[in-house]
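Here's the structure, in structure tokens; my notes come after.
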Ligand SMILES: [Cu+2]
């Protein structure tokens, strides 16, 4: 019996030594003090089991929090006193939500999903890390608790189950990071294309998403009629809608209208450009070239920086 036992424990060691490739983490890893939307990415369940509840402890200083409802999940908000009193919208606030639990749904181990809670990062200082301790629970009672906080000077990436965190940026730096600096973007005729980006994909993932803002400063509507890229066999513009509590996405027919004087946002959870038959999964830091073809403005070449390899989890949104 010794040999089989040894073999079994050796296998267990190999498994646990494999890189833990998908930690629960926050989509936006750097934020200025003020309103913050904590988008918590849940990339897997507990050893093959689905996740049936997600609880997030809201950190001190994250004030006036409100969770975003999720179809198929109930929300429980725990309230309590804050350690300090904060000034929010001209009022002193000393208590409020301290934890949020989504329950009643079932997120399969092989699926990815996001859980969102918005609040205000009050009195946070540049460089400070704010931790959102999160716990996934599975039907057998097993838990994945992402609650480890690094000691002073310790690298959070060295922890096995690090609590997701956001780092407070200096106000000006954060504005620049998120491109809300008034840059006009790419101009093509009356169109202005701003903040284009693609989401990093997991190895082996066949399709990915890209996002941007398209503004029409002209007096005539235009239409995005075709998209192509050497990086993908096929590229389409998709809509995403709730249908009977299920997210459904489908190609936009007859092109995407960009109304005269209007702005169309392609963003995660909504309209998006979808790359199918992707040869090499998009890796964070890479650039993806894409050609947008508009009815009036003609062809526009855009380079999409690939962002958020840690949390984007590629086309996670497509797996609903
Ligand atoms: Cu899609």
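Residue numbers (this note's numbering): 137 to 456. Using N, Cα and C, we set each Cβ at its ideal position, and we do this for glycine too.
| Item | Value |
| --- | --- |
| To the nearest angstrom, report how far apart residue 226 and residue 435 are at their CA atoms. | 49 Å |
| For residue 228, report the span of its beta strand (DSSP E) as first-last. | 227–243 |
| Ligand 1 and residue 374: does the residue's C-beta get closer than 7 Å to at least one heavy atom of that ligand? | yes |
| Answer yes if the region 156–172 comes into contact with the region 203–221, meaning at least three C-beta pairs across the two stretches below 8 Å, and no otherwise. | no |
| Which same chain residues end up closer than 8 Å to residue 156 when comparing Cβ atoms and leaving out the 5 residues on each side of it in sequence? | Residue confidence is low: residue 156 scores 41 on pLDDT, short of 50, so the model does not pin down where it sits. Its coordinate-derived value is still stated next. Result list for residue 156: 296, in chain order. |
| Do you know offhand how far residue 223's Cα is from residue 177's? | 29 Å |
| For residue 267, which of 194, 228 and 330 has the nearest alpha-carbon? | 194 |
| Output the distance between the C-alpha atoms of residue 404 and residue 345, rounded to the nearest integer angstrom. | 8 Å |
| Considering only heavy atoms of ligand 1, does any lie closer than 7 Å to the CB of residue 410? | yes |
| Taking DSSP as the reference, what is the three-state secondary structure of residue 161? | strand |
| Excluding sequence positions up to five away, which residues of its chain have a Cβ less than 7 Å from the Cβ of residue 243? | 178, 181, 186, 187 and 249 |
| Given 7 Å as the limit, tell me if residue 119 has its C-beta closer than that to any heavy atom belonging to ligand 1. | Nothing in the structure corresponds to residue 119, since the chain is present only between 137 and 456. |
| Express the C-alpha separation of residue 255 and residue 507 in angstroms, rounding to a whole number. | The question about residue 507 has no answer here: the residues shown for the chain are numbered 137 through 456. |
| If you draw a straight line from the C-alpha of residue 458 to the C-alpha of residue 408, how long is it? | Residue 458 lies beyond the range of the chain shown here (137 to 456); nothing can be said about it. |
| So, residue 426 versus residue 361, is the Cβ gap smaller than 8 Å? | no |
| Determine the burial state of residue 358: buried for a count of at least 16 other Cβ atoms within 10 Å of its Cβ, exposed for fewer. | buried |
| Name the one or two DSSP bridge partners that residue 170 has. | 257 |
| For the region 324–336 and the region 414–434, state whether three or more C-beta atom pairs, one from each stretch, are separated by less than 8 Å. | yes |
| Using the three-state DSSP reduction, which class does residue 180 fall into: helix, strand or coil? | coil |
| With a floor of 3 residues, list each beta strand (DSSP E) that falls wholly inside the region 258–312, ordered by position along the chain. | 265–267, 269–273, 279–282 and 301–304 |
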